[in-house]
Amino acid sequence: MNLKPETLQRIDEVITHYPVKRSATLPLLHLIQEDVGYLPEGTAEWVAAKLEIEPINVHGVITFYPMFRQKPIGRRHIRVCRTLSCALTGGYKVCDTLKEEFNAELGEVSPDGEVTIEFVECLASCGSGPVAMVDDELHERLTPEKARELAAQIRAESAIRASAAAASA
Amino acid sequence: MSQTAPSPDLVTVNIDGQEIAVPKGTNVIEAARKLAVDIPHYCYHEKLSVAGNCRMCLIEMGMPAVDPATKAPIIDEATGKQKVNWIPKPVIGCGTNVSPGMHIRTTTPMVKDARESVMEFLLINHPLDCPICDQAGECKLQEQATGYGRGYSRYIEPKNVKPKRTVLGPRVTLDDERCILCSRCIRFSREIAKDDVLGFTERGSYSTLTCFPGRELANNYSLNTVDICPVGALTSTDFRFKMRVWFLKQTNSICTESSVGANTVVWSREGTIYRITPRQNDAVNDTWMTDSGRMLYKEVQAENRLTRPLVRGVAVTADAALDAATELLRSAQPGTVAIVGSGRSSVEEQFLTRKLAEALGDKVGAPVSVVSRVGEGDGLLLSADRNPNLRGALITGLIEALPPTYAPLAALAAAIEAGEVKTVISVGEDLAEAGLSAEQLAKVSVIYLSTHANATSQAAAVVLPTLTVFEKSGSFVNQQFRIQKFAQAVPGPAGAADDLATLSALIAIAGGGRGGPVSDRNAVPNGRVETLWKALAAEVPAFANVTYQEIPDDGLLLDATPYASLPFVEGETLHHKPTTPISPLNERATTSTAA
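Printed below as a string of structure tokens:
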């Protein structure tokens with residue numbers, strides 16, 4: 001496990017919040033996913049050792065929650081709602097458009113490494129569906145056209161980041 | 001409250017109209033069991049923590065009505081009894097502990113409906129292929145489906161697909177589709193075996209029982225998960241698909257692996273043993289036993305099993321072998337015969353071994369050594385003393401002190417080297433393994449009663465084949481000084497004679513050596529366990545008031561006080577705390593004959 005020093009610090013701190021160490025399983029997994037982007041192999045053993053429990057207990061938690069990822073994702077994480085309101089107002093079409101734009105399979109990293117597109121359950125904005133989240137940012141009343149614009153925007157931002165990185169290098 | 005039990009530790013409850021007083025803290029399933037009321041369940045196991053996840057044990061529960069303000073009982077005018085406030089929804093029996101005046105109903109339509117619904121849920125994804133399932137015949141799901149199943153399914157959706165034939169460990173195979181997620185195996189591994197490797201992954205109907213990737217269920221208690229699995233999910237790799245359980249005969253036996261003396265059931269058909277499972281004895285092994293103990297039946301049909309008497313390596317008839325033994329014992333100078341007895345022999349055999357020693361000696365009897373077997377105890381059901389019946393040797397008077405834990409035959413070896421011992425009778429002990437060198441063996445004539453061929457049988461003058469524990473009846477005294485009976489499960493191989501008959505014949509021969517008639521050797525007056533016990537009761541003080549028939553299935557605790565000061569090697573096990581200090585020799589004993 002190659003974690004940032006501040007993550008390690010937060011991990012040690014969060015364990016003290018609970019009467020039994022085992023209770024810190026979920027917060028620790030969240031912190032690791034925030035840091036690494038996903039839960040790499042060896043997470044269960046590392047967390048178990050940290051909390052003095054057996055790895056199988058952590059493994060059960062990791063597989064229980066779909067929001068814990070065991071594989072890396074693209075640079076941006078696109079989550080399209082497919083619960084009833086959004087499904088009725090065209091969430092699937094939005095998702096198909098995004099998949100087409102990035103040439104990506106659902107749940108897989110796009111070939112350019114830019115995005116991972118996933119269906120998720122309700123994002124709690126049923127009145128403005130269909131909705132999708134790009135990382136932590138909510139996009140409402142999407143249409144296939146708007147989805148294409150969104151894709152273009154993501155690529156543009158990526159190009160800026162790439163050139164900035166090239167300039168600094 | 002009028003229904004409160006008189007004793008403060010007892011609680012009176014009413015189950016289906018019957019009152020019963022049970023200890024505080026008893027749950028409803030156990031209380032009902034005492035009234036022979038069966039509450040079906042899957043996840044609940046009396047020796048494990050309560051999980052309450054299968055929901056099969058739903059019952060109706062009510063409490064006596066009291067006035068909320070005055071706490072005075074509310075009396076039903078129609079019956080004149082205190083009213084019962086029934087909870088409108090069913091509750092689980094396993095997770096509900098009794099309280100004073102509690103009323104339980106297990107036969108109402110609500111309970112029946114609940115059981116039928118739970119069954120229907122459990123069967124949604126459970127394969128209905130009982131004819132090809134190894135658990136059929138001892139499957140709780142199958143059993144309850146008979147009582148509470150619909151007989152047809154309302155589901156047209158395909159069933160879940162999960163891993164099949166998963167190898168969980170060296171002895172356990174898992175079929176995840178059959179798993180009903182009761183979590184008994186997980187709790188057993190965590191709570192009893194202390195090897196927390198099993199768990200559920202995924203969620204909802206995708207929940208899957210797994211071992212942590214890269215680990216395996218390999219502890220020496222893994223097969224207990226197979227026993228407690230209510231369905232055909234966990235199966236014994238050794239036993240699965242070998243035999244239908246309803247064809248198997250069950251015989252009560254005792255595990256010979258160590259002095260714990262785990263109670264067992266031997267499952268056999270037509271003279272072949274198929275498996276050994278634990279038999280519940282709450283004072284000895286609860287409902288568990290070791291994996292290694294279950295494999296001991298393999299010795300019955302082992303390659304090196306002795307099936308013919310041998311004289312100097314040549315197969316002969318039983319008569320010829322006894323003739324050879326007669327000649328050896330008669331030609332021996334008085335005082336040059338030694339006996340090696342065994343902590344693996346039954347109480348009855350040890351008694352006859354003692355008789356043989358007495359018959360052989362002039363005044364003091366032939367010297368007797370017993371081979372110690374010391375290994376590492378696991379603190380649960382495998383004790384440091386790997387002899388199942390060392391205490392029997394003390395009680396029957398075969399030996400007076402514990403054998404040395406290190407080099408148990410050193411004294412005998414010295415006597416052989418000094419030329420004091422010319423003939424050795426070994427009752428089931430491999431002398432070579434126990435420390436006699438090939439040269440020492442060559443210096444003596446060995447009469448060897450044995451089940452299996454080994455270095456000693458090759459060197460022996462006379463080999464008399466005997467029976468394994470599965471082929472004879474008798475008793476062992478375990479580390480708690482509990483005498484426990486085992487019964488014959490299968491017949492012995494042709495050519496092998498019962499140990500008691502052979503020992504009786506040798507006693508007759510030895511007696512003949514002092515002038516008695518040799519022909520008595522075929523009469524074997526003590527060849528039967530029940531007959532022999534008359535002599536045991538008469539001559540062994542500890543058994544003065546005991547008859548073999550009266551020893552209960554869960555054993556009889558004998559008085560251990562005469563032996564309280566002896567340094568037994570056992571440490572603490574599941575239901576045994578040593579009263580004497582652990583032998584200091586124990587540490588050195590690792591080089592002895594421990595298995």
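The listed protein sequences correspond, in order, to chains A and B.
The first sequence begins at 1 in UniProt numbering and counts up one residue at a time.
The second sequence begins at 1 in UniProt numbering and counts up one residue at a time.
Just so you know, even glycine gets a beta-carbon here, dropped at the ideal spot from N, CA and C.
Fair warning: this is a prediction, and the values are worked out from it, not measured in the lab.
Is residue i helix, strand or coil when you go by DSSP?
i                      : result
residue 21 of chain A  : helix
residue 543 of chain B : helix
residue 45 of chain A  : helix
residue 148 of chain B : helix
residue 33 of chain B  : helix
residue 116 of chain A : strand
residue 104 of chain B : strand
residue 493 of chain B : coil
residue 288 of chain B : coil
residue 57 of chain A  : helix
residue 161 of chain B : coil
residue 579 of chain B : coil
residue 342 of chain B : strand
residue 158 of chain A : helix
residue 151 of chain A : helix
residue 57 of chain B  : coil
residue 556 of chain B : strand
Report the residue from the options whose alpha carbon sits nearest the alpha carbon of residue i.
i                      : options                    : result
residue 93 of chain B  : B:77, B:379, B:59, B:294   : B:59
residue 325 of chain B : B:351, B:425, B:34, B:366  : B:425
residue 271 of chain B : B:279, B:245, B:452, B:300 : B:300
residue 153 of chain A : A:102, A:14, A:44          : A:102
residue 279 of chain B : B:493, B:508, B:485        : B:485
residue 368 of chain B : B:413, B:216, B:175, B:221 : B:413
residue 5 of chain A   : A:27, A:35, A:15, A:169    : A:35
residue 237 of chain B : B:185, B:254, B:291, B:191 : B:291
residue 84 of chain B  : B:63, B:17, B:538          : B:63
residue 17 of chain B  : B:43, B:66, B:101          : B:101
residue 127 of chain A : A:134, A:139, A:8, A:116   : A:139
residue 493 of chain B : B:409, B:306, B:376, B:408 : B:306
residue 461 of chain B : B:192, B:442, B:200        : B:442
residue 550 of chain B : B:475, B:282, B:118, B:149 : B:475
residue 338 of chain B : B:456, B:394, B:22, B:420  : B:420
residue 400 of chain B : B:318, B:562, B:418        : B:562
residue 418 of chain B : B:440, B:106, B:404, B:371 : B:440
residue 625 of chain B : B:447, B:496, B:463, B:435 : Nothing can be reported for residue 625 of chain B, as the shown portion of chain B is limited to 1 through 595.
residue 253 of chain B : B:267, B:247, B:170        : B:267
residue 470 of chain B : B:457, B:451, B:72, B:481  : B:451
Quick one: which chain A residues come within Cβ less than 7 Å of residue i?
i                      : result
residue 203 of chain B : 64
Could you name the residues of chain B that residue i contacts, counting a contact when the two beta carbons are closer than 7 Å?
i                     : result
residue 59 of chain A : 199, 201, 212
residue 56 of chain A : 196, 197, 198, 199, 212
Between residue i and residue j, how many whole angstroms is the CB-CB distance? I'm expecting something under 8 Å.
i                      : j                      : result
residue 55 of chain A  : residue 41 of chain A  : Not quite, the Cβ-Cβ distance comes to about 12 Å (not below 8 Å), so this is no contact.
residue 14 of chain B  : residue 104 of chain B : 7 Å
residue 20 of chain B  : residue 28 of chain B  : No, residue 20 of chain B and residue 28 of chain B are not in contact; Cβ-Cβ is about 11 Å, not under 8 Å.
residue 546 of chain B : residue 556 of chain B : 7 Å
residue 596 of chain B : residue 218 of chain B : The structure shown does not extend to residue 596 of chain B, since chain B spans only 1 to 595, so no value can be given for it.
residue 343 of chain B : residue 389 of chain B : 5 Å
residue 308 of chain B : residue 465 of chain B : 7 Å
In this structure, what does DSSP give as the bridge partners for residue i?
i                      : result
residue 476 of chain B : B:484
residue 249 of chain B : B:268
residue 109 of chain A : A:116
residue 600 of chain B : The structure shown has nothing for residue 600 of chain B, since chain B only spans 1 to 595.
residue 139 of chain A : A:132
residue 236 of chain B : B:172
residue 76 of chain A  : A:115
residue 97 of chain A  : In DSSP, residue 97 of chain A forms no bridge with anything.
residue 27 of chain B  : B:97
residue 200 of chain B : B:209
residue 263 of chain B : B:254
residue 406 of chain B : Its beta-bridge partners do not exist; DSSP assigns none.
residue 81 of chain A  : A:120
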